[in-house]
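This report concerns only the one structure given below.
Number of protein chains: 2
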Amino acid sequence: MTQDRSGMRRRTVLLGAALLPTFAKPFLSAPASAQASDPLPSWNDGAAKQAILDFVRTTTDPANPGHVPPDERIATFDQDGTLWVEHPVYTQVIYCFDRIPGVVARKPDLAQTEPFKTVLSDGLGALTKLSTPDLEKIAAAALSGMSVDDFRADVQRWLEIAVHPRWKRRYTDLVYQPMQELLHVLRDNGFKTCIVTGGGQDFVRAYAGRTYGIPPEQVVGSAGETAFGYAPDGKPRLTKEAKLLLNDNGPGKPENIDLMIGRRPVAAFGNSDGDREMLEWTTAGSGKRLGMLVLHDDAHREYAYGPAAGLPASKIGAFSQALYDEAKGRNWPVISMKNDWKRIFSFEM
Amino acid sequence: MTQDRSGMRRRTVLLGAALLPTFAKPFLSAPASAQASDPLPSWNDGAAKQAILDFVRTTTDPANPGHVPPDERIATFDQDGTLWVEHPVYTQVIYCFDRIPGVVARKPDLAQTEPFKTVLSDGLGALTKLSTPDLEKIAAAALSGMSVDDFRADVQRWLEIAVHPRWKRRYTDLVYQPMQELLHVLRDNGFKTCIVTGGGQDFVRAYAGRTYGIPPEQVVGSAGETAFGYAPDGKPRLTKEAKLLLNDNGPGKPENIDLMIGRRPVAAFGNSDGDREMLEWTTAGSGKRLGMLVLHDDAHREYAYGPAAGLPASKIGAFSQALYDEAKGRNWPVISMKNDWKRIFSFEM
């Protein structure tokens, strides 16, 4: 899900709604309410759902050799295409494009400079005309120069008004309901759920608390440098710089999990070649492990892309046949959106 | 506490003993046991102890305008000189020197190459003869080339046998008991306690769980890059590289707090000029804040260095008169080890 986004940047956030992991009821002793009897109501019965339930049962049962102590229960999730929609364009790319008129207003010389000139004239239509270095210039311009606090506030404002071209809904409405249920099942069973995204760490932190119940320190992503300094009034200030510090894609995912979390996950979920190394690193640990891939094979309810049934490769969310084969070889259950998910979005109630 | 250590590196760790923050009893409603009536028994009554108790009471009282919601209760602690002894030499420097014979055994050419030759002949006595670039070479050689798992295991083995030259005790016995009580008071009141050290993140993570009850994801420090790859048996492997990624000192402290934790702390504790920016960043936030500095003014029970009463400046743990003056100007209470601490170590029962 994360190719060609090395220019993405990060920031900080205080999320009032951020939830802390709960270590409440063990999985099997939950009361026999409807929720407890099926903690994954948006999932069809099948191998994918069964793999999740087996994993939770095994890792939380102290009598099972696959038991995992609570403080080692780390589960990592890619975001774009794994927790929410990534087509036709990564949400953060749209944010960056939307920011360019404001950037040019502050630096009018840019209006006659590429790639900004093309973005001003063509909007998102410019996307197909621009090279990766051009896109990095746009990301750098949109994601640097402001304080970390101002950036967070701007992302939050934008997410209130921006809508997806297909569903005409806010992007944060386009999270996958089955994955929300999975996050809850894991947290209810003592897992710390973390996002590990090729997208900008600061961007995702701005809404991860409200949207996923995941606090900022559990969001790992691509990150730019910040610079500590002082505002004119003498107050300390952290400014976002246009210099990449962490590229959280491919091998960068396990590297940055180690940097930021400091433990090897016991479960990992992704949907593209950029998640391969995270899945390998996670499932190579000793004891019970779970690695899963979301396959976008539902053109009707969402999108179809990737390797299943000869679906065409896609620049966004590239999921190669090689990864598909590796998943089979390593027993990573593949989640078919078409077959495994009863519904995709919460508004499809 | 953190000058001249830019070569320090990091790694990952699974700490069975790592504690998670508890959100149990509010401060004021604790039962009237001896512990509850004085949660800081190793502290003498005085301005420093009072400042801590006032801060906890204010931030945890929902009726107080200074109340801080639980998920925003972040407290950051420098380590060397703030949580444990840093004199006469940073513990990690001793570890690195101890590692050099093993490094040379694997690369015999180094035996005739400086600075390794001097380290082999003079041991820690070489310290005063070596330049900062020399020390960086030693750190890079001692802290890279192995897997993150092997590094953690080696640090843990070393800490079992290495002893401090003065007390003849393990380094992890030389944590300050009053600061341990402070960590506990904060955690008992819903604070997440984090270490933010100029020392190596991986080094500190190897013992922070057992020693401080702080899990790896709450240890931020100077960090080298890692490289994802595959061992000869095909298993994924993270190798420590000799390239600095994060220099967690001075302005690097707030920058890396933002990167790793993503929230501005409400309390911060340090003991040197390397903690200045962290204290400024923390205390410049809105609402109730606490910044404190540990002053090493007890030559009898520990060491005396820093600005108090004309004590000489020291390369290790440099605490300038300028920082001392800033602390007074900003109402950062200074903790006098001599006057504020009844005892320094737990073995002084």
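Taken in order, these protein sequences are the chains called G and X. All you need for our numbering is the position in the first sequence, starting with 1, plus 1065. All you need for our numbering is the position in the second sequence, starting with 1, plus 1065. Glycine included, C-beta positions come from ideal geometry on N, C-alpha and C.
On the criterion of 16 or more Cβ atoms from any shown chain inside 10 Å, does S1209/X qualify as buried, or is it exposed? The residue in question, S1209/X, is buried, as its Cβ has 16 or more Cβ neighbours within 10 Å.
Closest to E1201/G by C-alpha separation, out of A1227/G, P1173/G, A1218/G, G1265/G, would be which residue? The shortest CA-to-CA distance from E1201/G to any of A1227/G, P1173/G, A1218/G, G1265/G is the one to G1265/G.
Measure the Cβ-Cβ separation of P1445/G and W1346/G and say whether it is below 7 Å. For residue 1445/G there is no data in the structure shown, the boundaries of chain G being 1066 and 1414.
Proximity test, Cβ basis, 7 Å: M1325/G and chain X: So yes, M1325/G belongs to the interface.
Taking only beta-carbon atoms, is F1142/X less than 7 Å away from chain G? Cβ-Cβ to chain G under 7 Å: no for F1142/X.
Anyone know if the C-beta pair for T1260/G and F1142/G falls short of 7 Å? Note that residue 1260/G is Ile in the sequence shown, not Thr. In this structure, F1142/G lies closer than 7 Å to I1260/G by Cβ.
Taking P1372/G as the reference, which of E1391/G, L1239/G, R1354/G, L1355/G has the closest Cα? Taking only the C-alpha atoms, the option nearest P1372/G is E1391/G.
Quick one: Cα of L1118/X to Cα of G1352/G, how far? Near 44 Å, if we compare the C-alpha coordinates of G1352/G and L1118/X.
In chain order, each beta strand (DSSP E) run of at least 3 residues that lies wholly inside the segment 1125-1168 of chain G: Annotation note: the segment 1125-1168 of chain G contains the following uninterrupted beta strand (DSSP E) runs of length 3 or greater, listed N- to C-terminal: 1139-1142.
What would DSSP say about M1244/G, mapped onto helix, strand or coil? Under the three-state reduction of DSSP, M1244/G is assigned to helix.
E1290/X: CB within 6 Å of a non-hydrogen atom of the ligand COA: The ligand COA is not part of this structure, which contains no ligands at all.
Under a three-way DSSP split, which group does E1345/G fall into? The answer is helix: DSSP assigns E1345/G an H, G or I state.
For R1235/G, return the contacting residues in chain X, with the cut-off set at a CB-CB distance below 7 Å. Ordered by position in chain X, no residue passes the 7 Å Cβ test against R1235/G, which lies about 23 Å from the chain.
Which of helix, strand or coil does DSSP assign to M1211/X? Three-state result, M1211/X: coil.
Pairing CB atoms from the segment 1289-1300 of chain G with CB atoms from the segment 1172-1179 of chain G, are three or more of them under 8 Å? Touching, no.
Going by alpha carbons, who is nearest to F1412/X out of Y1155/X, H1152/X, Y1236/X? Residue Y1236/X is the option with its Cα nearest to F1412/X.
Please decide whether K1300/G counts as near chain X, where near means a Cβ-Cβ distance under 7 Å. Yes, K1300/G counts as interfacial toward chain X.
Per DSSP, Y1272/X is paired with what? In the DSSP output, where bridge partners are listed per residue, Y1272/X has none listed.
With a floor of 3 residues, list each beta strand (DSSP E) that falls wholly inside the segment 1358-1401 of chain G, ordered by position along the chain. Qualifying beta strand (DSSP E) stretches, in chain order: 1399-1401.
Anything in chain G within Cβ reach of P1454/X, meaning under 8 Å, just list it in chain order. This structure leaves residue 1454/X out entirely; chain X is present only between 1066 and 1414.
Within 10 Å of its beta-carbon, does G1435/G have 16 or more other beta-carbons around it, so buried, or fewer, so exposed? Outside the displayed range of chain G (1066 to 1414) lies residue 1435/G, so it cannot be described from this structure.
If the criterion is Cβ atoms closer than 7 Å, does the pair D1323/X and L1303/G meet it? Note that the C-beta distance between D1323/X and L1303/G is below 7 Å.
Identify the contact partners of W1149/X in chain G, using a Cβ-Cβ distance below 7 Å as the criterion. Here the premise fails: no neighbours, minimum Cβ distance about 20 Å.
Interface residues of chain G around R1270/X at Cβ under 9 Å? Here the neighbours are G1327.
Mind checking if T1347/X is an interface residue toward chain G, Cβ cutoff 7 Å exclusive? Chain G contact via Cβ: absent.
From the beta carbon of E1342/G, is the nearest beta carbon of chain X less than 7 Å away? Interface annotation, E1342/G: in contact with chain X, CB-CB separation under 7 Å.
For Q1144/X, count neighbouring C-beta atoms within 10 Å of its own C-beta (all shown protein chains included) and say buried if the count is 16 or more, exposed if not. Buried, since its Cβ has 16 or more Cβ neighbours within 10 Å.
Starting from the C-beta of V1399/X, find all residues in its chain whose C-beta is less than 6 Å away, skip the five residues before and the five after it, and write them out in chain order. Correct list, in chain order: L1358, L1360, A1392.
Is the beta carbon of T1291/X less than 7 Å from the beta carbon of K1305/X? In contact: T1291/X and K1305/X (Cβ atoms closer than 7 Å).
Helix, strand or coil for G1335/G, going by three-state DSSP, please let me know. Strand, per DSSP.
In whole angstroms, what separates the C-alpha of I1409/X from that of A1333/G? Between the alpha carbons of I1409/X and A1333/G lies a distance of about 44 Å.
Return the CA-CA distance between F1384/G and D1199/G, expressed in angstroms with no decimal places. So the two alpha carbons sit approximately 24 Å from each other.
Given this structure, state the Cα-to-Cα distance separating K1194/X from P1153/X, to the nearest angstrom. For K1194/X and P1153/X, the distance between alpha carbons rounds to 15 Å.
Looking at the C-beta of F1293/G, does it have a partner C-beta in chain X at a distance below 7 Å? With a threshold of 7 Å between beta carbons, F1293/G makes contact with chain X.
Bridge partner(s) assigned by DSSP for Y1295/X: Paired residues: P1301/X.
Boundaries (first-last residue) of the alpha helix (DSSP H) holding G1264/X: DSSP places G1264/X in no alpha helix (DSSP H) but in the uninterrupted beta strand (DSSP E) bounded by 1257-1265.
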